[in-house]
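Remarks on the structure that follows.
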Amino acid sequence: MQQIDDAFSITAAIIIVVTVAFVQEYRSEKSLEELNKLVPPVCNCLRGGQAETLFARLLVPGDIVLLTTGDRVPADLRLFEAVDLSIDESSFTGETEPSLKTTYPINTKTNSVSDRLNIAFMGTLVRCGNGRGIVVNTGVNSEFGEIFKMMQSEEAPKTPLQKSMDSLGTQLSFYSFGIIGMIMTLGWIQGRPVLEMFNIGVSLAVAAIPEGLPIVVTVTLALGVMRMAKRKAIIKRLPTVETLGCVDTICSDKTGTLTKNEMTVTAMVTSELYRADVSGVGYNGSGEIILSEDIDSYKKQMDSMKRLLEIGCICNNADITGGQLRGQPTEGALIAAAQKLDMFGIKDKYLRLQEFPFSSEQKLMAVKCIPKFGPKDEEKFYVKGALEKVLSLCTKYCSNDVIRPLDADRHKQFISESQYLGRKGLRVLAFAYGTKLDDLSFVGMVGILDPPRPGVRESIRTLQASGVSVKMLTGDAMDTACAIATRLGFYATGNAVISGQEIDALDDHSFAMRIPSVSVFYRVGPAHKLRIVKALQKNGAVVGMTGDGVNDGVALKKADIGIAMGKIGTDVCKEAADMILIDDDFFTIMAAIEEGKGIFHNIRNFVRFQLSTSIAALSLIAFSTLMHIPNPLNAMQILWINIIMDGPPAQSLGVEPVDHDILIQPPRNVKEPMITRELITSVLISSSIIITGTLFVFINEMSDKIVTPRDTTMTFTCFVFFDMFNALSCRSQVKSVFTIGLLTNKPFVISVTGSLICQMLVIYLPQLQKIFVTEALSVGDLLFLFCITSTVFIVSEVRKLFKRRAISREKRNQVYQDHMV
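Everything in the sequence shown is counted per the working numbering, starting at 20 for the first residue and increasing by one.
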């Protein structure tokens, strides 16, 4: 078309839009890479004879790695020690049954993963037991390396929200092309130059097609993920951000999430029914054992307490070095209690022959040992676990070094003592020993305190007020579970409490009918947690599930949002989860839900602005063609509007600070579409005002029926001003801009200010005047345009005022109805 200036200008516009898109996509990808570094895989390794915790990436062939239940294997290992070691290799074999590992050489002609039973492969998960192995391959040289290379070649799927945005973009493009084709056809019928109409048509297509939608969605989600990282929540997958705002039920594991998981033995009851309180906190020997009664000699009572704690130290895989715990908090609490009686190195006096690891199903742990320095034929089992499980294996009890038969009365006394400790909110752990696992002697029990986290009660209350149901899941006994639940603000009586045994007795339909009224689940295992999640989802709930152990992995994966603990969480639960809490704090979940809701609202605000501007630009040209008047905007002016529409002013709506009042709003309905009737109404009102005002200015300026540079400059500037005021009104759908603050969104202020400065340059800079066909305007002209274009903002503010009054009136009516009920 020999329009050299326009060709260069259009190329520059394309470069600007593409560059902005590329930079934002690149930054979001880099941000996600940085997030992945925040939770690097770690492992326990022997170096210089000392156990160390290292990043898996630092391993080299020849290192010795220690494996225990819940670990992810950090490299290919040749096993030389395996104690009931079972590893989930489903990522390789597809078989759900874990592979039982051995240390013996394997003679086989095949080279399949399932045949190499003496190798632990990188990326697989330790389901139970423990072991040691020598690193033989790392990274891309491992068995997992080939799979990893294939994974890298695959592109990550788009999020559901991005897909809906793409669908919206496709629909808008289809309708836009239809309208543009109609405009060009009408112009040709009216006898207008074909090239001129083609030029306008191409410009309209560029302006109308919302190519910025997918970019803004991705960037907004990525920025939300970064904000969550600052608030101690690591989001592993972008779709999680969308779902967070929809969560209406949270199933929370008690230990480590609702409570601190800083286990401390605070009470002891021996099989002779001697009682003691334990002072001091932390994983150290500070504190003392305070006897409650003086019915026997001090020495007898202390000997009985030592016998109890000795079993707790022998049947134990934890270790305390320099006040630092390596292992499970419950086991650390037992060692710390023993140190208060100067009992050090108990475990080193015994040689462990066999271990039966703790499992959620068995609810106990047992080890078979012999003394290192005594008779080698004195093999004994040392057991710790839930009281009812341990007592079921006991036929005798210890009474001051004398073994007596366990009768029904004594059995009831032990149960009564356990219930008393449970009512105090203590976790009860029982101990026994003997030569046979089904013929043990009961030694006593301890009460372990796990205090609630600060602020959890207030967080639960806030979530419940916003319509989010919070349910507590624990393996504790009923008394302990109810005591802690009541302390946390749960309703924990009657039908609000259910046990794992009761769940087993209900069919799926009956359980789904009862579960809405239940707030506390006690004595639950992995299968129960999975059934709970499934039952809630069957009822239409969007479920968030928290957990930290291997037993939580299946439920975390099944839940809509799996939330793992970053500090105490095992690799299994972190792998299955969508979100990881760095600080293991329940309050962080509330902050993440708040962010999730805010992100969705920001995306919807952007869509509202994008649609109203696109409809206004298309309709403006369509009406001018139908009215047989010249086009109000030329091609370069339309392209400039497109840069503003998809550029920083529009995209800064995606980083609008989260309104903290949004947390008290109910969860978002996942079935509700992005484009609601209310949104369409708002878009049509804003578009109508923009079209009417812009056409009025154009027709008013074109009084002589001849289009001059001043006419198009006034019309062009009018449309740009309308865009800026429309963007300002789109910052919130309900609240006034003056309430949320004109300067609270700094990127928005900067981008709007920059756009207005650029518009002034287009009007007053001679070089740009030639390209955009503009001329200088007076101060009076700008004030006139300011007054007209502010109408879109004023009307929006009035609509919000009426909407707020309607919401307030609806709340008062609801309160009145609730009061009447």
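By construction, the Cβ of each residue, glycine as well, lies at the ideal position given by its N, Cα and C atoms.
Who are residue i's beta bridge partners in DSSP?
i: Asn149; result: Thr87, Val102
i: Thr340; result: Gln343
i: Gly563; result: Ile269, Ile580
i: Glu71; result: Cys64
i: Cys417; result: Ile422
i: Asp296; result: Ala286, Ile309
i: Thr38; result: Note: Thr38 sits in no beta bridge, so no partner.
i: Lys403; result: Met384, Phe450
i: Ala252; result: Leu600
i: Leu144; result: Arg91, Asp107
i: Arg246; result: The partner list for Arg246 (beta bridge, DSSP) is empty, contrary to what the question assumes.
i: Arg828; result: In DSSP, Arg828 forms no bridge with anything.
i: Ala139; result: Leu96
i: Ser751; result: Paired residue(s): none; Ser751 is not in a bridge.
i: Val516; result: Val539
i: Leu119; result: Ser105
i: Val11; result: Nothing in the structure corresponds to residue 11, since the chain is present only between 20 and 840.
i: Thr9; result: In this structure the chain extends from 20 to 840, so residue 9 is not present and cannot be described.
So, are the CB atoms of residue i and residue j less than 8 Å apart?
i: Leu492; j: Phe540; result: yes
i: Phe740; j: Thr808; result: yes
i: Ala578; j: Val552; result: yes
i: Ile339; j: Tyr369; result: no
i: Leu672; j: Phe812; result: no
i: Val79; j: Thr143; result: no
i: Gly559; j: Ala595; result: no
i: Phe72; j: Val145; result: Correcting the residue identity first, residue 72 is Thr in this sequence and not Phe. Not a contact, by the Cβ cut-off of 8 Å.
i: Phe99; j: Arg151; result: yes
i: Gln629; j: Ala574; result: no
i: Leu890; j: Ala357; result: In the structure as shown, the chain begins at 20 and stops at 840. Residue 890 is therefore absent and cannot be evaluated.
i: Gly585; j: Gly264; result: no
i: Met282; j: Thr237; result: no
i: Ser705; j: Asn745; result: yes
By the DSSP assignment, the beta strand (DSSP E) with residue i in it spans what residues?
i: Pro390; result: 383-390
i: Arg371; result: 369-375
i: Met598; result: 598-600
Please list the terminal residues of the continuous alpha helix (DSSP H) segment that includes residue i.
i: Glu407; result: 406-411
i: Phe605; result: 605-645
i: Thr713; result: 696-720
i: Arg729; result: 728-748
i: Glu9; result: The displayed coordinates of the chain run from 20 to 840. Any statement about residue 9 would go beyond what the structure contains.
i: Tyr783; result: 765-783
i: Ser326; result: The question names Ser, but residue 326 is Arg in the sequence shown. Arg326 -> alpha helix (DSSP H) spans 317-333.
i: Gly878; result: Given a span of 20 to 840 for the chain in the structure shown, any question on residue 878 remains unanswerable.
i: Pro80; result: Per DSSP, Pro80 belongs to no alpha helix (DSSP H) and is neither H nor E.
i: Pro668; result: 667-670
i: Ile648; result: Per DSSP, Ile648 belongs to no alpha helix (DSSP H) and is neither H nor E.
i: Glu757; result: One detail in the question is off: residue 757 reads as Phe in this sequence, not Glu. Segment 756-759, the alpha helix (DSSP H) holding Phe757.
Answer yes or no: the CB of residue i versus the heavy atoms of the ligand ATP, is any distance below 7 Å?
i: Ile199; result: The model depicted lacks the ligand ATP and carries no ligand whatsoever.
| Does the stretch 772-788 come within contact of the stretch 731-741, defined as at least 3 CB pairs closer than 8 Å? | yes
| Completely contained beta strand (DSSP E) runs for the stretch 439-510, where each covers 3 or more residues | 446-455, 458-468, 488-492
| the stretch 435-443 touching the stretch 286-301, judged by at least three CB pairs closer than 8 Å | Counting Cβ pairs under 8 Å, three or more are found: they touch.
| Every unbroken beta strand (DSSP E) within the stretch 522-559, with a cutoff of 3 residues, ordered by chain | 539-541
| request: Determine contact between the stretch 201-217 and the stretch 629-636, defined as no fewer than three beta-carbon pairs at a distance below 8 Å. | output: no
| said: Count Cβ pairs between the stretch 268-276 and the stretch 555-574 that sit closer than 8 Å; are there 3 or more? | reply: yes
| task | Please confirm if the stretch 250-257 is in contact with the stretch 398-405, defined as three or more CB-CB distances below 8 Å between the two stretches. | result | no
| On the three-pair Cβ rule with 8 Å, is the stretch 456-464 touching the stretch 474-491? | no
| Is the stretch 92-107 in contact with the stretch 118-127, if contact means three or more CB pairs nearer than 8 Å? | yes
| task | Determine contact between the stretch 709-721 and the stretch 674-683, defined as no fewer than three beta-carbon pairs at a distance below 8 Å. | result | no
| Can you find at least 3 beta carbon pairs, one from the stretch 233-250 and one from the stretch 422-437, that sit closer than 8 Å? | Short answer: they don't touch.
| query | Taking one C-beta from the stretch 601-614 and one from the stretch 623-630 each time, how about it: are there three or more such pairs within less than 8 Å? | reply | no
| said: Taking contact to mean 3 or more Cβ pairs, one atom from each stretch, closer than 8 Å, check whether the stretch 512-521 and the stretch 290-304 are in contact. | reply: no
| said: Assess contact between the stretch 645-656 and the stretch 788-795, defined as three or more Cβ pairs (one per stretch) separated by less than 8 Å. Is contact present? | reply: The stretch 645-656 makes contact with the stretch 788-795, as at least three CB pairs between them are under 8 Å.
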